[in-house]
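Below is one structure; the comments refer to it alone.
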Amino acid sequence: LAAPLARLPGQVVADTARVIVRGAGGGDWTVLAVAPGPADRGAATLLMSVSPGTYVGGVDPERGLLRVHRLAPGASPFERRLRAAALVGGPDGEAP
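Residue numbering for the sequence shown is 989 to 1084, as defined by the numbering used here.
And the structure:
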């Protein structure tokens, strides 16, 4: 968890610059699996929502899923780091 957090400020700056330069597009929604347990789910929800490029719009704790809005298509570098830390899985509910 420490490694993804260390890179978060740079990702926030990059995402903010992307929004300023390109403008806020429509983006898209996806569903991601989240690590089991309330602490990991809370950490994943907070970390996915910190960056301007992604936002968690819903949590389904029973199914272990997050509904995430992304400004840019595909996973951001920060999201890939959260996958490597096993906090979130791939799109459409692929397990972490």
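For every residue, glycine included, the Cβ atom is placed at its ideal position computed from N, Cα and C.
> Leaving out the 5 sequence neighbours to the left and right, which residues in its chain are closer than 8 Å to Val1047 when beta-carbon positions are compared?
Replying inline: Looking up residue 1047 in the sequence shown gives position 59. Contacts found: Val1022, Arg1029, Thr1033, Leu1053, Leu1054 and Arg1055.
> What three-state label does DSSP hand Arg1051 in the structure shown?
Replying inline: Residue 1051 sits at position 63 when you count from the first residue of the sequence shown. Coil, per DSSP.
> How is Pro1079 classed by DSSP in three states: helix, strand or coil?
Replying inline: Taking the sequence shown and counting its residues from 1, the one referred to as residue 1079 is at position 91. DSSP places Pro1079 in strand when its eight states are reduced to three.
>> Measuring only the C-alpha atoms, how far is Arg1058 from Arg1068?
In response: Sequence index remark: in the sequence shown, residue 1058 carries index 70 (1-based). Sequence index remark: in the sequence shown, residue 1068 carries index 80 (1-based). Approximately 13 Å between the Cα atoms of the pair.
>> Only counting the same chain, and skipping five residues up and downstream in sequence, which positions put a Cβ closer than 8 Å to that of Ala1005?
In response: What you label residue 1005 is simply residue 17 of the sequence shown in a count that begins at 1. Cβ within range, chain order: n/a, list empty.
> Identify the residues that DSSP records as bridge partners of Arg1069: which are they?
Replying inline: In the sequence shown, counting from the first residue as 1, residue 1069 sits at position 81. Arg1069 pairs with nothing; no bridge assigned.
> How is the beta strand (DSSP E) around Leu1020 delimited, first residue to last?
Replying inline: Here residue 1020 refers to the residue found at position 32 of the sequence shown. Residues Asp1016 to Val1022.
> In or out: Ala1083 buried (at least 16 other Cβ within 10 Å) or exposed?
Replying inline: Mapped onto the sequence shown, residue 1083 falls at position 95. Per the 10 Å Cβ criterion, exposed.
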